[in-house]
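Start counting the sequence shown at 22; every next residue gets the next number (our numbering). Cβ coordinates follow ideal geometry from the N, Cα and C atoms, glycine included. Treat the numbers as computed from the prediction; the structure is a model and nothing was measured.
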Amino acid sequence: MENINLELLHYQIKLLNTMVASTDNFNSHFFSFVIDHNITETQTKSIMQGLVLLKDRMRYGKISDEFKTLYSDSEVLKMLDKNMPPSFSEFKQLVHTVIGEDISAEYLLKSLIMQGINIDICQALLDSKDK
22 MENINLELLH YQIKLLNTMV ASTDNFNSHF FSFVIDHNIT ETQTKSIMQG
72 LVLLKDRMRY GKISDEFKTL YSDSEVLKML DKNMPPSFSE FKQLVHTVIG
122 EDISAEYLLK SLIMQGINID ICQALLDSKD K
């Protein structure tokens, strides 16, 4: 357990350094979200990987063979490998599986948008929330 906490602390310090380096227009909403919710680097990478795969599905209706090869041993790929447009409920399930039930998928997407990360897929997922 101590090793995990130390790993989380190192990751949070890395994020803080990134935020400080870009303080001209303090735009670190997502990084702040990650720190506030004690999200690990591995969890963050899984969410980002999920967004890449969902964006691919949004564009092409499926995950491309290139990404299937790149993420072949990924649990995230297994969850998201469907031939249909991505949905908010699917992203929410991903977030709850990767991070936990207490994380708001909607707030997570909004923090990504405010930081300028994967805006198109994040907005599309939010737009699909009410459908």
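Residue i and residue j: beta carbons closer than 8 Å?
| i | j | result |
| --- | --- | --- |
| serine 85 | aspartate 77 | yes |
| threonine 61 | leucine 27 | no |
| alanine 49 | glutamine 144 | Before going on, a small fix: residue 49 reads as serine here, not alanine. Cβ distance not < 8 Å, so serine 49 and glutamine 144 don't count as in contact. |
| leucine 115 | leucine 130 | no |
| glutamate 127 | leucine 147 | yes |
| lysine 83 | phenylalanine 109 | no |
Taking 7 Å as the cut-off, is the C-beta of residue i nearer than that to any heavy atom in the ligand MG?
| i | result |
| --- | --- |
| isoleucine 140 | The ligand MG is not part of this structure, which contains no ligands at all. |
Around the C-beta of residue i, are 16 or more other C-beta atoms found within 10 angstroms, so that it is buried, or is it exposed?
| i | result |
| --- | --- |
| serine 67 | buried |
| isoleucine 120 | buried |
| asparagine 139 | buried |
| lysine 113 | buried |
| serine 132 | buried |
Throw me the rounded Cβ distance for the residue i and residue j pair, which I believe falls under 8 Å.
| i | j | result |
| --- | --- | --- |
| phenylalanine 52 | leucine 74 | The pair is not a contact, with the Cβ atoms about 22 Å apart (cut-off 8 Å). |
| leucine 72 | isoleucine 142 | 6 Å |
With distance defined between alpha-carbon atoms, name the residue in the options nearest to residue i.
| i | options | result |
| --- | --- | --- |
| leucine 98 | Gly82, Gln70 and Tyr81 | Gln70 |
| threonine 118 | His31, Thr63 and Asn24 | Thr63 |
| leucine 36 | Asn24, Ile25 and Thr65 | Thr65 |
Could you confirm whether any beta carbon from chain C is found closer than 8 Å to the beta carbon of residue i?
| i | result |
| --- | --- |
| glycine 82 | Of the chains in the structure shown, none is chain C; there is only one protein chain. |
Item to check | Three CB pairs or more closer than 8 Å across the stretch 104-115 and the stretch 53-60 | outcome: No: fewer than three Cβ pairs fall under 8 Å.
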